[in-house]
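Enquirer: I'd like to ask you about the structure that follows.
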Amino acid sequence: MICRAISAAPQRDRNFFLALLQNAINLSQLNQIHAQIILTGHSTDLATLTKLTHKLFDVKAVSQAKLLFASLANQISPDKFLYNELIRGFSQNGSPLDSIAVYSHLRRKTDMQPDKFTYSFVVPAVASSGFQKVGILLHGHVLVSGCGSDVFVGSALVDMYMSFSRTRDAFKVFEKTPERDGVLWNTMVSGMVKNFFFHEAVCIFHDMVVEGVKFDSTTLAMVLTAVAELKELRAGMMIHCLAMKVGFHLDNYVLTGLISFYSKCGDVSSARWLFGLIRNPDLVSYNAMISAFSCNEGTKSAVELFKELLNMGKKVNSSTIVGLIPVSRPFGHLNLAKLIHGFCIKSSDVLNSSVSTALVTVYNRLSEIESVSISLCIIH
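The sequence shown begins at 1 in the UniProt record's numbering and counts up one residue at a time.
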């Protein structure tokens, strides 16, 4: 189809190739278009090359995008749009080091100055790389450039510092960002939860609601995780009421969060009722309910739900198994633990350190030394 479109075209100019690239859906089509771009003398047109680069990243052709950039060095000087596209593409396709390298090339080998788009793309790359010193240096570049007040850059910096577990630095960036949107607030809430600062996460969410910032179901699910860990029944019930007020109470993410919350507060009946409200429960929802039963001495119900999953042909994961293993009181389910152990050995893809640790915990408490040794061997 691409070949026919090229053959039938009366004029092959920039607009023609831009339209063609826009409609391309796979690497084969992009290669055909790229060949025609070269043959028709458009291989130095920056707008066309930037669009081609964007589409290459869209189809995950990262190595080809890298080769394209390398080939341009002797032909043309890329503009900032192309640099930003490369930084974004590498960052979003699991190549953070390439993203950082392009940013470094932009700063050191050109006269162009990075802008807010550059920083909003490269900061997540540094976060993914785990290089804290580079992240701090990059934050300095942001401040010098005057882009520190941009909300998208601020959100990226907060997320970066949270990924480094530097919550104080994240909070400083948050405080100094003049205009905070829902994305920035959500990043703060989720970051605090991921770093186990549950009380702080709830406080930030409270401020978010007071200031009238719009939140979504993901925010509610995240803050429910925090109140569940704190076992703050009253706070969780208020969030449940808030979810009902704004119409998120039937959202699958929120319902799953509520299941975990009520079960950790010991209210299994409410958790079971909420599970029944989920129209098409996914594995995460099943895992939450299995764990709810198991942690509240409802081992039989947990096993029945696990069997239901298997009978439906659903594939379970390590979280399902950890939730099913009877690590809470009473510790009298030796046969169940051994059956789960056998299932894990047969289904090796569900076996990881978390599963083995849970099995070791049960065997230790039941004085099953031989089984402990087997589990430890599996871990290593």
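Even for Gly, the Cβ is constructed at its ideal location relative to N, Cα and C. Here the structure is a predicted model, which means the values were calculated and not measured.
(1) What three-state label does DSSP hand Leu250 in the structure shown?
(2) In whole angstroms, what is the alpha-carbon distance linking Phe174 and Leu56?
(3) Can you grab the Cα-Cα spacing for the pair Asn364 / His206, in whole Å?
(4) Taking the continuous alpha helix (DSSP H) assigned at Gln64, which residues delimit it?
(5) Since Phe164 contacts Gly135 with CB under 8 Å, what's their CB separation in whole angstroms?
(6) From what residue to what residue does the alpha helix (DSSP H) around Arg14 run?
(7) Should Ile379 go down as buried or exposed, given a rule of 16 or more other Cβ atoms within 10 Å for buried?
(8) State yes or no: is the C-beta of Asn23 within less than 8 Å of the C-beta of Lys60?
(9) In terms of residue numbering, what span does the alpha helix (DSSP H) encompassing Thr48 cover?
(10) Taking the CB atoms as reference points, tell me whether Leu52 and His34 lie closer together than 8 Å.
(11) Locate the alpha helix (DSSP H) running through Val210, then write down its first and last residues.
(12) Just the Cα atoms here: how many angstroms apart are Cys147 and Leu220?
(13) Taking the straight line between their C-alpha atoms, what separation do you get for Leu18 and Leu49?
(14) Under the rule that 16 or more other beta-carbon atoms within 10 Å means buried, what is Cys344, buried or exposed?
(15) Using DSSP with H/G/I as helix, E/B as strand and the rest coil, what is Val362?
(16) Spatial neighbours of Asn287 within its chain, please: C-beta separation below 7 Å, excluding the five flanking residues on both sides.
(17) Would you report the Cα separation of Ser356 and Asp282, rounded to the nearest angstrom?
(18) In this structure, does DSSP put Ser77 in helix, strand or coil?
(19) Are the stretch 95-105 and the stretch 120-129 touching by the rule of at least three beta carbon pairs closer than 8 Å?
(20) Can you name, in chain order, every residue of its own chain whose Cβ lies under 7 Å from the Cβ of Glu308, other than the five neighbours on each side?
(21) Helix, strand or coil for Cys295? Go by DSSP, reduced to three states.
(22) Following a CB-centred definition, is Gly323 positioned closer than 7 Å to any heavy atom of the ligand FMN?
(23) Buried or exposed: which applies to Val210, given that a residue is buried once 16 or more other Cβ atoms fall within 10 Å of its Cβ?
(24) Please return the same chain residues whose Cβ sits closer than 7 Å to the Cβ of Leu97, not counting the five positions on each side in sequence.
(25) Considering only residues of the same chain and omitting the five flanking positions on each side of Ile25, which have a CB-CB separation below 7 Å?
(26) Hey, out of Ala271, Val142, Leu39, Phe131, whose CA is closest to Tyr262's CA?
(27) Could you check if Trp185 is buried or exposed, using at least 16 other CB atoms within 10 Å of its CB as the buried criterion?
(28) Please determine, among Leu258, Val144, Cys241, the residue with the shortest C-alpha to C-alpha distance to Glu229.
(29) From which residue to which residue does the alpha helix (DSSP H) around Glu229 run?
(30) Could you have a look at Phe152 and say whether DSSP puts it in helix, strand or coil?
(31) Relative to the C-alpha of Gly247, which residue among Lys214, Val360, Leu339 is closest?
(32) On the CB-based measure, 16 or more other CB atoms within 10 Å of its CB, does Lys315 come out buried or exposed?
(33) In whole angstroms, what separates the C-alpha of Gly313 from that of Trp273?
(34) Can you grab the Cα-Cα spacing for the pair Thr167 / Gly140, in whole Å?
Expert: Walking through what the data contain:
(1) Against the sequence shown, residue 250 aligns to sequence position 250. Reduced to three states, the DSSP call for Leu250 is coil.
(2) Your numbering for residue 174 matches position 174 in the sequence shown. Your numbering for residue 56 matches position 56 in the sequence shown. Whole-angstrom Cα-Cα distance: 34 Å.
(3) Here residue 364 corresponds to residue number 364 of the sequence shown, with the count starting at 1. Here residue 206 corresponds to residue number 206 of the sequence shown, with the count starting at 1. The straight-line gap from Cα to Cα measures roughly 42 Å.
(4) Within the sequence shown, numbered from 1, the residue matching residue 64 stands at position 64. For Gln64, the enclosing alpha helix (DSSP H) starts and ends at 62-72.
(5) As a position in the sequence shown, residue 164 is number 164, starting the count at 1. As a position in the sequence shown, residue 135 is number 135, starting the count at 1. About 6 Å separates the two Cβ atoms, so the contact holds.
(6) Within the sequence shown, numbered from 1, the residue matching residue 14 stands at position 14. Run containing Arg14: 14-23, per the alpha helix (DSSP H) assignment.
(7) Taking the first residue of the sequence shown as 1, we reach residue 379 at position 379. For Ile379, the predicted model reports a pLDDT of 48, less than 50, meaning its position is unreliable; a value from the coordinates is still stated below. Flag for Ile379 reads exposed.
(8) For this step, residue 23 is matched to residue 23 along the sequence shown. For this step, residue 60 is matched to residue 60 along the sequence shown. No, these two residues do not count as a Cβ contact at 8 Å.
(9) Counting from one through the sequence shown, the residue named residue 48 turns up at place 48. From DSSP, the alpha helix (DSSP H) with Thr48 extends over 46-58.
(10) Position 52 of the sequence shown, counted from the first residue, corresponds to residue 52. Position 34 of the sequence shown, counted from the first residue, corresponds to residue 34. Yes, they are a contact pair.
(11) Numbered from its first residue, the sequence shown carries residue 210 at position 210. 198-210 is the extent of the alpha helix (DSSP H) around Val210.
(12) On the sequence shown, position 147 is the one that residue 147 refers to. On the sequence shown, position 220 is the one that residue 220 refers to. Approximately 30 Å between the Cα atoms of the pair.
(13) Working through the sequence shown from its first residue, we reach residue 18 at position 18. Working through the sequence shown from its first residue, we reach residue 49 at position 49. Looking at the two C-alpha atoms, the distance is approximately 9 Å.
(14) As a first step, residue 344 is located in the sequence shown; it is residue number 344 there, counting from the start. That one is buried.
(15) If you number the sequence shown from 1, residue 362 lands on position 362. Val362 falls in the helix class under three-state DSSP.
(16) Taking the first residue of the sequence shown as 1, we reach residue 287 at position 287. Ser319, Thr320, Gly323, listed in sequence order.
(17) Start at 1 with the first residue of the sequence shown, and residue 356 comes out as number 356. Start at 1 with the first residue of the sequence shown, and residue 282 comes out as number 282. C-alpha separation (whole angstroms): 24 Å.
(18) Walking along the sequence shown from the start, residue 77 turns up at place 77. Ser77: coil per DSSP, three-state reduction.
(19) yes
(20) In the sequence shown, the residue the question calls residue 308 occupies position 308. Within the same chain, Glu308 has no close Cβ partners at all.
(21) Within the sequence shown, the letter at position 295 stands for residue 295. DSSP places Cys295 in helix when its eight states are reduced to three.
(22) Summarising the ligand content, the structure contains no ligands, and the ligand FMN is consequently not present.
(23) Within the sequence shown, residue 210 is the residue found at index 210, counting from 1. Result: exposed.
(24) Mapped onto the sequence shown, residue 97 falls at position 97. The answer, listed in chain order, is Ser129.
(25) Within the sequence shown, residue 25 is the residue found at index 25, counting from 1. Contacts found: none.
(26) Numbered from 1 along the sequence shown, position 262 holds the residue referred to as residue 262. Nearest of Ala271, Val142, Leu39, Phe131 to Tyr262, Cα basis: Ala271.
(27) The sequence position of residue 185 within the sequence shown is 185, counting from 1. Label assigned to Trp185: buried.
(28) Your numbering for residue 229 matches position 229 in the sequence shown. Taking only the C-alpha atoms, the option nearest Glu229 is Leu258.
(29) Numbered from its first residue, the sequence shown carries residue 229 at position 229. It spans 217-230 - the alpha helix (DSSP H) in which Glu229 sits, taken as one unbroken run.
(30) Counting from one through the sequence shown, the residue named residue 152 turns up at place 152. Here Phe152 sits in helix by DSSP.
(31) Counting from 1 along the sequence shown, the entry for residue 247 is found at position 247. It is Lys214 whose Cα lies nearest to the Cα of Gly247.
(32) Position 315 of the sequence shown holds residue 315. A residue is called buried once 16 or more other Cβ atoms fall within 10 Å of its Cβ, and Lys315, having fewer, is exposed.
(33) Along the sequence shown, read from residue 1 onward, the residue named residue 313 stands at position 313. Along the sequence shown, read from residue 1 onward, the residue named residue 273 stands at position 273. Looking at the two C-alpha atoms, the distance is approximately 24 Å.
(34) In the sequence shown, counting from the first residue as 1, residue 167 sits at position 167. In the sequence shown, counting from the first residue as 1, residue 140 sits at position 140. Those two C-alpha atoms are separated by around 18 Å.
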